[in-house]
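K.L.:
Protein chains in written order, with the working numbering: chain P, 2 to 245; chain S, 16 to 32. Backbone N, C-alpha and C fix where the C-beta goes; we use that ideal spot for every residue, glycine too.
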Amino acid sequence: PSSNTGFLSELLQGEPEESQVCSRVVASLLREQASRGKHDRLNTFSIMCKMADQTLFGLVEWARNCALFKELKVEDQMVLLQSCWSELLVLDHLCRQVAYGMDGSIYLVTGQKIDVSTVLSQAGATLSSLVSRAQDLVSKLRALHLDRQEFVCLKYLVLFNPDVKSVQDRRQVERTQERVNRALMEHTLHTHPGQSDKFGQLLLRLPEVRSISLQVEEYLYQRHLLGDLPCNSLLTEMLHAKHT
Amino acid sequence: KKPNALLHYLLNKDDTK
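(1) If you run the structure through DSSP and keep just helix, strand and coil, what is S87 (chain P)?
(2) What runs of the beta strand (DSSP E), each 3 residues or longer, lie entirely inside the segment 136 to 182 of chain P?
(3) Counting only Cβ pairs nearer than 9 angstroms, list the residues of chain S close to H225 (chain P).
(4) According to DSSP, which residues form a beta bridge with D229 (chain P)?
(5) Which of the three DSSP states, helix, strand or coil, is assigned to K246 (chain P)?
(6) Report the residues of the segment 6 to 38 of chain P with a CB closer than 9 angstroms to any CB of chain S, ordered along the chain.
(7) Are the CB atoms of T45 (chain P) and V26 (chain P) within a distance shorter than 8 angstroms?
(8) What are the boundary residues of the alpha helix (DSSP H) that includes K243 (chain P)?
(9) Let me check understanding here. Comparing Cα to Cα, which of P:E62, P:L160, P:S106 lies closest to L92 (chain P)?
(10) When Cβ atoms are compared, which residues of the segment 81 to 111 of chain P fall closer than 8 angstroms to chain S?
(11) From the DSSP output, which residues share a beta bridge with I107 (chain P)?
(12) So, for I213 (chain P): in the same chain, excluding its five sequence neighbours on each side, which residues have a beta-carbon less than 8 angstroms away from its beta-carbon?
(13) Decide if the segment 114 to 131 of chain P is in contact with the segment 55 to 75 of chain P; the criterion is three or more beta carbon pairs, one per stretch, under 8 angstroms apart.
(14) Taking 8 angstroms as the cut-off, decide whether the C-beta atoms of V80 (chain P) and V168 (chain P) are in contact.
(15) Work out the CA separation of L145 (chain P) and K199 (chain P) for me, nearest whole Å.
(16) Who are the Cβ neighbours of R211 (chain P) in its own chain at under 7 angstroms, not counting the five residues just before and after it?
(17) Of all the CB atoms in chain S, is at least one closer than 8 angstroms to the CB of E218 (chain P)?
(18) Do N5 (chain P) and A184 (chain P) have their C-beta atoms within less than 8 angstroms of each other?
(19) CB G112 (chain P) to CB C50 (chain P), shorter than 8 angstroms?
(20) Using 10 angstroms around the beta-carbon of C85 (chain P), count the other beta-carbons present and answer buried if the total reaches 16, otherwise exposed.
(21) So that I know if they touch, is there some Cβ in chain S lying closer than 8 angstroms to that of M52 (chain P)?
(22) When you compare only the Cα positions, how much space is there between G102 (chain P) and L121 (chain P)?
(23) Between the C-alpha atoms of P194 (chain P) and L227 (chain P), what's the straight-line distance to the nearest angstrom?
(24) Going along the segment 64 to 83 of chain P in order, which residues come within less than 8 angstroms of chain S, judged by CB to CB distance?
(25) Just to confirm before moving on: does the CB-CB distance between L142 (chain P) and V174 (chain P) stay below 8 angstroms?
(26) Based on Cα-Cα distance, which residue from P:E209, P:D54, P:A64 lies nearest to N27 (chain S)?
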């Protein structure tokens with residue numbers, strides 16, 4: 002267990018503080034608004050996209066600073082991130098709700114809260130369904146008492162996916178996946194001995210995260226085709242990469 | 016513009032500069 006504890010604390014050290022993430026996104030949004038005249042303010046959807054874009058920048062920076070990720074060539078780093086960027090965004094959102102959210106409201110990366118009912122009353126059918134599905138998953142993760150170590154392990158399992166096509170050093174990605182899997186299993190057994198099969202239950206959430214993320218991508222791509230997404234963003238580049 | 020230019024830049028940028 003001691004080596005496992007050491008391994009998990011190494012993974013945790015790479016985690017940015019929520020306050021840092023929040024202030025970085027808020028600063029970016031304030032700069033953006035300040036650069037705009039009174040009559041071309043960003044609408045709500047564009048602000049949300051900017052938040053997602055800034056959060057994505059942060060996730061790429063997080064991955065880039067992971068010691069295990071650094072062991073991979075840049076080509077492999079790109080392929081893995083292009084495959085899982087939307088899952089990382091969804092997982093990041095879900096875990097923020099578990100850590101800071103309240104029932105019935107959504108906690109944004111900027112620290113603001115929005116009532117789910119408000120979102121559902123204004124959003125279209127697709128977005129409403131996405132929000133509801135995400136909230137259901139938040140409830141499941143809350144019921145599982147997901148903790149920070151488990152959240153980090155799930156992020157690593159999403160990022161180090163050996164099934165991604167055209168990964169060159171597949172064996173290295175598999176090794177990391179196996180190591181993190183073992184660390185997650187030992188951690189859940191050690192911290193929640195009474196909660197039978199917490200490990201299995203956590204892993205069962207990953208296909209749900211994947212499914213929601215694919216729907217998010219499709220939704221964003223449709224909005225992009227309508228010209229609703231801010232251009233020249235990491236978000237649009239990642240969307241394009243998947244559709245080229 | 017290369018389709019992955021920004022991601023490539025972010026993963027390759029040199030922090031020391």
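P.N.:
In short:
(1) helix
(2) none
(3) Neighbours of H225 (chain P) on chain S: none; closest Cβ ~14 angstroms, over 9 angstroms.
(4) DSSP, once it has assigned bridges, lists no residue as partnering D229 (chain P).
(5) The question about residue 246 (chain P) has no answer here: the residues shown for chain P are numbered 2 through 245.
(6) none
(7) no
(8) 235 to 244
(9) P:L160
(10) L82, Q83
(11) P:I115
(12) V91, L131, R134, A135, L138
(13) no
(14) yes
(15) 7 angstroms
(16) E88
(17) no
(18) yes
(19) no
(20) buried
(21) no
(22) 17 angstroms
(23) 51 angstroms
(24) R65, V75, Q78, M79, L82, Q83
(25) no
(26) P:A64
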